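S.K.: Residue numbers (our numbering): 727 to 1175. There's a structure below that I have some questions on.
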Amino acid sequence: MRAMLTLLSSSSSSSSLVLFSKKLFLLPKPSLTLSFFSRNTTTMSINLQSHAFAGNPIRSKTPKSTDPFSPNSALDSLKTQLLDNTLLQQPPSPDFKVLPFRKGRPLASSIPGEMTPSWHLGWISLPDCRNFLEKSGVQLSEDSLVYLGSRSEDDVVYWAIDVSSEAGLVPELGSKQFCFVELRTLMVATDWADERAMGELAIAGNARALLEWHNLSRFCGVCGAKTVPMEAGRRKQCSNVLCNKRIYPRVDPVVIMLVIDRENDRALLSRQSRFVPRMWSCLAGFIEPGESLEEAVRRETWEETGIEVGDVIYHSSQPWPVGPSSMPCQLMVGFFAYAKSLEINVDKEELEDAQWHSREDVKRALTFAEYKKAQRTAAEKVEQMCKGVEKGQSLAADFNVESGELATMFIPGPFAIAHHLISSWVHQDVAPNGVQVRTDQSSSSISNL
Ligand SMILES: [Zn+2]
727 MRAMLTLLSS SSSSSSLVLF SKKLFLLPKP SLTLSFFSRN TTTMSINLQS
777 HAFAGNPIRS KTPKSTDPFS PNSALDSLKT QLLDNTLLQQ PPSPDFKVLP
827 FRKGRPLASS IPGEMTPSWH LGWISLPDCR NFLEKSGVQL SEDSLVYLGS
877 RSEDDVVYWA IDVSSEAGLV PELGSKQFCF VELRTLMVAT DWADERAMGE
927 LAIAGNARAL LEWHNLSRFC GVCGAKTVPM EAGRRKQCSN VLCNKRIYPR
977 VDPVVIMLVI DRENDRALLS RQSRFVPRMW SCLAGFIEPG ESLEEAVRRE
1027 TWEETGIEVG DVIYHSSQPW PVGPSSMPCQ LMVGFFAYAK SLEINVDKEE
1077 LEDAQWHSRE DVKRALTFAE YKKAQRTAAE KVEQMCKGVE KGQSLAADFN
1127 VESGELATMF IPGPFAIAHH LISSWVHQDV APNGVQVRTD QSSSSISNL
């Protein structure tokens, strides 16, 4: 099926803060629905509960410290289990599941499906984790495990561990059809209509961000002493008692904006040289210290394209744990940015190109991109890797459009907030004041992104 993904908006009773010039307005919270439109115009709506990497099902709420599933209580139970061999013979409560990572890649397996295989995270039990490590001559210690979250209804606490230095684990786990797979590959391979799969992707993203941050924060930035994990790895602390600096996981905020020319009904899309051929996307940039989000949107747009932005309206945000390992987790904060000037003056150091595109052209770009086909191709690749057939660890590109008919341009897939900013503009009418006024009433499903 040649499918086009759209993001529709509809009103709900909840509300969200909307940044609008220098004033703050309360508007109905946009709830987002992904829909497929096939060529014969039948519509299938599916819910996208949240952006990829958001909506983590095991950490929506941190349990209170007295709860047996809280980080500190779980750590105490973990220590007991690691010390006492006999306890490992009985089913423990809560049970522990461990997700190993190697060089930023989570352990995964693949299960054949009717149409497409589906990948799953490679959770292993605590005794198995200990046995695997002992075969490599490594003693499992509680300090190497990082608390991810819990599900009290399943009586399970989830942990992550970095086993990058244990090369022997790769063939050991490979013999059981487990494989360490790039998170970006899993991201493309995830069926966004599958709530379980989206949940596992969010868990893997959170775990990768925490483990990468642990790797980057081995020493105190104040006195240079070693840091030690605290609260089951949820934060760190300087080991020098005279310093005791507390260190928290790092998040790097990024503004990402679709710049809109209201009068001529066009949107500004840009290309970076690192993009795969024909891919166009939104402008984006890091927020600088002492700067508001709206100021960052206006500054970045001006610096990269010479365009002046007036109104800035918040859309949604997405955790992005698949950037460089020096940045464990970015937070993409998405906006519509309304242009006050239209002449483009591209900063060639930042961008390869930036151009205004009509709504029709952007709509066509969405239509041509065969997102579903790319997802299946990636899912099959993961299956081959888990079978040990495919040795390659990364896709050649973030997103390959393997289409017989070459589109002149396409935009990133539905795993990226850029896709949703662009498709919500394409499929909405926007009033002159920038507030979205029309929603597609054909959509019956409402989500709570
Ligand atoms: Zn220190």
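Even for Gly, the Cβ is constructed at its ideal location relative to N, Cα and C. The structure presented is a predicted model; accordingly, all values stated were derived computationally and were not measured.
Go through its chain and collect everything with a Cβ distance to Ala1122's Cβ below 6 Å, but skip five positions before and after it.
M.R.: Bear in mind that the predicted position of Ala1122 carries a pLDDT of just 44, short of 50, making it unreliable; the figure below should be weighed with that in mind. There are no such residues.
S.K.: From what residue to what residue does the beta strand (DSSP E) around Val1035 run?
M.R.: 1035-1046 is the span of the beta strand (DSSP E), which, as asked, contains Val1035.
S.K.: Does the structure place the region 1034-1051 close enough to the region 998-1012 that three or more beta carbon pairs sit under 8 Å?
M.R.: With a cut-off of 8 Å, the region 1034-1051 and the region 998-1012 do not count as touching, because too few Cβ pairs lie within range.
S.K.: Are three or more beta carbon pairs between the region 826-842 and the region 899-910 nearer than 8 Å?
M.R.: The region 826-842 is in contact with the region 899-910.
S.K.: Would you mind reading off the limits of the alpha helix (DSSP H) that contains His940?
M.R.: Residues 921-942.
S.K.: Which residues in the same chain have their Cβ closer than 7 Å to the Cβ of Asp793, if we skip the five residues on either side of it in sequence?
M.R.: The residues are Ser799.
S.K.: Give me whichever residues DSSP pairs with Val872 in a beta bridge.
M.R.: Note: Val872 sits in a beta bridge opposite Ala886.
S.K.: Going by the DSSP bridge assignment, what does Asp978 pair with across the sheet?
M.R.: Paired residues: Gln1056.
S.K.: Considering only heavy atoms of ligand 1 and the C-beta of each residue, which residues fall inside 6 Å, strictly closer?
M.R.: Going by the Cβ distance cut-off, the answer is Cys946, Val948, Cys949, Ala951, Cys964, Asn966, Cys969, Lys971.
S.K.: So what does DSSP say about Leu912, is it helix, strand or coil?
M.R.: Note: Leu912 maps to helix in three-state DSSP.
S.K.: Please report how far the alpha carbon of Gly1114 lies from the alpha carbon of Thr1134, in whole angstroms.
M.R.: The alpha-carbon atoms of Gly1114 and Thr1134 are separated by roughly 36 Å.
S.K.: When you compare only the Cα positions, how much space is there between Glu892 and Leu937?
M.R.: Approximately 15 Å, taken between the alpha carbons.
S.K.: Which value, in whole angstroms, describes the spacing of the CA atoms of Ala1100 and Gln1081?
M.R.: Their Cα atoms are separated by approximately 26 Å.
S.K.: Could you tell me which residues DSSP pairs with Pro955 in its beta bridges?
M.R.: Bridge partners of Pro955: Lys962.
S.K.: So with Cβ pairs under 9 Å, would you call Ser776 a contact of chain C?
M.R.: Absent from the structure: chain C. Only one protein chain is present.
S.K.: Between which two residues does the alpha helix (DSSP H) carrying Pro797 extend?
M.R.: That run of the alpha helix (DSSP H) goes 797-809.
S.K.: Going by C-alpha to C-alpha distance, which of Ser867, Ser776, Lys902, Pro789 sits closest to Asp810?
M.R.: Considering only alpha carbons, the answer is Ser867.
S.K.: So Gly1181 is in the beta strand (DSSP E); what residue range does that whole segment cover?
M.R.: No statement about residue 1181 is possible, as the shown extent of the chain runs from 727 to 1175 and does not include it.
S.K.: Should the region 1062-1073 be regarded as contacting the region 1019-1037, the criterion being three or more beta carbon pairs within less than 8 Å?
M.R.: Yes: the two stretches touch, three or more of their Cβ pairs being nearer than 8 Å.
S.K.: Three-state secondary structure (DSSP) at Ser1150?
M.R.: Helix.
S.K.: Identify which residue in Leu912, Pro1140, His1146 has its Cα closest to the Cα of Met1111.
M.R.: Measuring from the Cα of Met1111, the nearest candidate turns out to be Leu912.
S.K.: Return the bridge partner residues of Trp845 from the DSSP annotation.
M.R.: The partner list for Trp845 (beta bridge, DSSP) reads Ser836.
S.K.: Is it the case that the region 983-992 contacts the region 949-959, given that we only count it when at least three CB pairs across the two stretches are under 8 Å?
M.R.: Counting Cβ pairs under 8 Å, fewer than three are found: no touch.
S.K.: So, helix, strand or coil for His1083, using DSSP?
M.R.: Strand, per DSSP.
S.K.: Leaving out the 5 sequence neighbours to the left and right, which residues in its chain are closer than 6 Å to Asn966 when beta-carbon positions are compared?
M.R.: Cys949, Ala951, listed in sequence order.
S.K.: Determine, using beta carbons only, whether Ile1039 and His777 come nearer to each other than 9 Å.
M.R.: No, Cβ-Cβ distance for Ile1039 and His777 is not below 9 Å.
S.K.: Taking just the CA atoms, how far does Lys861 sit from Val889?
M.R.: The alpha-carbon atoms of Val889 and Lys861 are separated by roughly 13 Å.
S.K.: Where does Thr1204 land, buried or exposed, given buried means 16+ other C-beta within 10 angstroms?
M.R.: Residue 1204 is absent from the structure shown; the chain starts at 727 and stops at 1175.
S.K.: Return the Cβ separation of His981 and Leu1019 in integer angstroms, given the expectation that the two are a contact with Cβ distance under 8 Å.
M.R.: Note that residue 981 is Val in the sequence shown, not His. The pair is a contact, with the Cβ atoms about 6 Å apart (cut-off 8 Å).
S.K.: Could you tell me the distance, in whole angstroms, from the CA atom of His1146 to the CA atom of Pro820?
M.R.: Near 39 Å, if we compare the C-alpha coordinates of Pro820 and His1146.
S.K.: Please classify Pro826: does DSSP put it in a helix, a strand, or coil?
M.R.: Looking at Pro826 - three-state DSSP - the assignment turns out to be strand.
S.K.: Would you identify the three-state DSSP class for Phe858, choosing helix, strand or coil?
M.R.: If DSSP states are grouped into helix, strand and coil, Phe858 belongs with the helices.
S.K.: Considering Cα atoms alone, identify which of Glu1014, Phe1012, Ile1148 is closest to His1083.
M.R.: For the residues Glu1014, Phe1012, Ile1148, the minimum Cα distance to His1083 belongs to Ile1148.
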